[in-house]
Amino acid sequence: MSEKNWDRVPIDAQSIDAPLSLAAIFLVVTVPSEQTALAKVCSVLGELDDLVKTVGFRDLSGHLSCIAGIGHDLWNRLRPDARPKELKPFAAIKGAVHDAPSTSGDLLFHIRSERPDMCFEFERILLDSLGTAVTVVDEVSGFRYFDARDLLGFVDGTANPTGLDLPASALVGDEDAAFAGGSYVVVQKYLHDLNAWKQTPTHLQEEIIGRTKIDNIEIDDDDAPRKSHKSLATIVDADGNEHDILRDNMPFGRPGRQEFGTYFIGYSRYLWVTEKMLQRMYVGEPPGAYDRLLDFSTPHTGTTFFAPARTLLQTLVQAAD
Ligand code: HEM
């Protein structure tokens, strides 16, 4: 699948393996209950691939890509009789100290490009086409921060699966054949308390994340009293197999408003893997030993979607239209 020549033609819509980018927009919308709104949304989703080409062809080196994810409730309106096995609304988590809220969202558009203006142009035309058929509930413009660091100063994304591990971790396979090639997408918008983080000594920050800050070396914390973020987010099943997800987190912020954030986005073949990561982060492993990253990072949204493969998206919206 990664034999594609990204520089010759625009990137197909729904390409989860599209290259990581310097800029991204995360757009979450809801679709009002009227049938006319649904029909409009279907017709725009049916033309998503053309829109990527329309904007993407203007600078192929901009590597514009867009993935649309569909939430549980909207999916039920489109195809109540056939749903990806694990698709359900984001389950809120109540930890002893930190909570993860569940927030609304019928559609997610994950727009990536090397150029912020291409992301902007794509979003502008997309929203223009959707008109009153959607209500925007969240819109975040993210940027690559130096050597892929989050605003806490750590390199974010290193342990992502690559090569053949990427589809094996991020794309549904034969276990749910009708939805093969699609992916479960979980998003959470986090805001950081950077003042508190700055007052935390670097060695403690490194213990919390599980990697060194400057040179990004993994820290072995098998015998440490508290597990790091990296270890809590490592999922190993009863047979000893590790289950990864594909992350494309992006920093965002407005220093003038003291707003500093990380937009978390995780693509997974099995939704339970991302859910288990969240359980371990919020409830802790053992329970109580939660992820101390949460002492400095608060989630303001939490939504689950399913991004169907391009051909399935076409069939889905044509049938509903
Ligand atoms: C404030 C939000 C977050 C920040 C700033 C953050 C940052 C980081 C950093 C710096 C690393 C180490 C480097 C790397 O491998 O990428 C990491 C690893 C990881 N994070 Fe996060 N993360 C956040 C939220 C999450 C959430 C919500 C999940 C899952 C639901 C998650 C899953 C992972 C995974 C799977 C790894 C790799 C673990 C391994 O080494 O195998 N992260 N994260």
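Numbering (the working numbering), first residue to last: 28 to 348.
Note that the Cβ used here is the ideal one computed from N, Cα and C, for glycine as well.
Predicted model only: the values in this text are computed from it and were never measured.
Test item: CB-CB of residue i and residue j under 8 Å
| i | j | result |
| --- | --- | --- |
| I152 | I94 | no |
| L259 | E312 | yes |
| I262 | K303 | yes |
| I97 | F332 | yes |
| I272 | A197 | yes |
| G329 | S129 | yes |
| D248 | G237 | yes |
| E148 | V55 | no |
| H327 | L221 | no |
| G209 | P111 | yes |
| R296 | V199 | yes |
| L135 | T289 | no |
| A204 | A109 | no |
| A207 | D201 | yes |
| A40 | L91 | no |
| F287 | G280 | yes |
| V167 | Y317 | no |
| P46 | V79 | no |
| K240 | G180 | yes |
First through last residue of the beta strand (DSSP E) which encompasses residue i
| i | result |
| --- | --- |
| E286 | E286 to S295 |
| H219 | S210 to H219 |
| L54 | A50 to T57 |
| H137 | L134 to S140 |
Residues that DSSP places opposite residue i in a beta bridge
| i | result |
| --- | --- |
| M277 | Y290 |
| F326 | Contrary to the premise, residue 326 reads as Pro rather than Phe in this sequence. Answer is Y217. |
| G169 | A51 |
| V5 | With the chain covering 28 to 348 only, the question about residue 5 has no answer from this structure. |
| V182 | R176 |
| I120 | A127 |
| V163 | V56 |
| E245 | R238 |
Own chain, CB closer than 6 Å to residue i, minus 5 neighbours either side, in chain order
| i | result |
| --- | --- |
| A51 | R139, G169 and M277 |
| V213 | G293, T301 and T331 |
| A223 | F323 |
| N32 | none |
| L157 | V71 |
| G89 | S140, E141, R142 and M145 |
| R171 | L49 |
| D34 | L87 |
| V344 | C69, L72 and G73 |
Neighbourhood of residue i by C-beta, 7 Å cutoff - its chain only, sequence neighbours within 5 removed
| i | result |
| --- | --- |
| S29 | For S29, the pLDDT reaches just 49, beneath the cut-off of 50, and the residue's location in the model is therefore unreliable, although a value from the coordinates is still provided. Within the same chain, S29 has close Cβ partners D44. |
| I235 | S255, H256, R319 and L320 |
| W299 | E113 |
| V164 | V55, V56, T57, S131 and G132 |
Enclosing alpha helix (DSSP H) for residue i [first to last residue]
| i | result |
| --- | --- |
| A336 | Per DSSP, A336 belongs to no alpha helix (DSSP H) and is neither H nor E. |
| G24 | A question about residue 24 goes unanswered here, because the residues of the chain that appear run from 28 up to 348. |
| S92 | Not the alpha helix (DSSP H): S92 falls in the beta strand (DSSP E), residues S92 to I97. |
| K303 | L298 to Y309 |
| L154 | P143 to L157 |
| L193 | D192 to A197 |
Any non-hydrogen atom of the ligand ATP within 7 Å of residue i CB
| i | result |
| --- | --- |
| L78 | The ligand ATP is absent from the structure shown, which contains only the ligand HEM. |
8 Å CB neighbourhood of residue i in its chain, flanking five on each side removed
| i | result |
| --- | --- |
| R176 | V182, D183 and P278 |
| D264 | H270 |
| R106 | L343, A346 and A347 |
| G315 | A123 |
Test: residue i CB closer than 8 Å to a CB of chain B
| i | result |
| --- | --- |
| L321 | Structure shown: chain B not included; a single protein chain is present. |
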